[in-house]
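Just so we're aligned: 18 in the working numbering is position 18 of the sequence shown, and the numbers increase by one with no gaps anywhere.
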Amino acid sequence: IVEHEDVCRRAERTAAELRAGLTSVLVEEQIPWGVYGEASAFLIFPNPKRLAIDPASFDPLRLGFDGLKGARNPELCYRLRLAMLANGVDIMGAPGGLVSATHGPGEVAQTLEAFRTAVRWLKAEGDV
Numbered sequence: 001i002v003e004h005e006d007v008c009r010r011a012e013r014t015a016a017e018l019r020a021g022l023t024s025v026l027v028e029e030q031i032p033w034g035v036y037g038e039a040s041a042f043l044i045f046p047n048p049k050r051l052a053i054d055p056a057s058f059d060p061l062r063l064g065f066d067g068l069k070g071a072r073n074p075e076l077c078y079r080l081r082l083a084m085l086a087n088g089v090d091i092m093g094a095p096g097g098l099v100s101a102t103h104g105p106g107e108v109a110q111t112l113e114a115f116r117t118a119v120r121w122l123k124a125e126g127d128v
């Protein structure tokens, strides 16, 4: 299959759709977080220091390593992962994940709905 189909490109396209969708959820729900990633990866920056971030124009490079990776809040990442699991989607604890060629529109839609519900729950709990 890998020899005859462009599975890597398909995974990258799906990941780009997912990153755009996650960003749209943040914008619509007015959550000052960011989404980034390359190729078939997506990462969520849950903004533990509550910086003034516009998710529509989020640039992870502006934060530098310390601002992006060194400022993690493990409890918040854990709560986001639990909320996603409660809605049927498993993400990595970074938080984020990898997309494969087997992921398609159905998985993207399910992930976006789970994410929307998860951030609403976190917002209601005062985590955002």
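Where a beta carbon is used, it is the ideal one built from N, C-alpha and C, also for glycine. Please read these numbers as outputs of a predicted model, since none were measured by experiment.
> Which stretch, first to last residue, makes up the alpha helix (DSSP H) that contains V27?
Replying inline: 7–29
> Roughly how many whole angstroms lie between the Cα atoms of L112 and F45?
Replying inline: 16 Å
> Around the C-beta of L57, are 16 or more other C-beta atoms found within 10 angstroms, so that it is buried, or is it exposed?
Replying inline: At residue 57 the sequence reads Ser, which differs from the Leu that was named. Looking at its Cβ environment, which holds fewer than 16 other Cβ atoms inside 10 Å, S57 is exposed.
>> Just to confirm, is the Cβ distance from A109 to A83 under 9 Å?
In response: no
> Would you call the stretch 15–22 and the stretch 63–82 in contact, with 3 or more CB pairs under 8 Å?
Replying inline: no
> Looking at C-alpha atoms only, which residue of T14, R50, W121 is the closest neighbour of R81?
Replying inline: W121
> Do A41 and L98 have their C-beta atoms closer together than 9 Å?
Replying inline: yes
>> Within 8 Å, do at least three Cβ pairs link the stretch 93–107 to the stretch 23–42?
In response: yes
> Is DSSP giving V35 helix, strand or coil here?
Replying inline: strand
> For the beta strand (DSSP E) that L98 lies in, which residues bound it at each end?
Replying inline: 96–98
> Which term fits C77, buried or exposed, when burial requires 16 or more other beta carbons within 10 angstroms of its beta carbon?
Replying inline: buried
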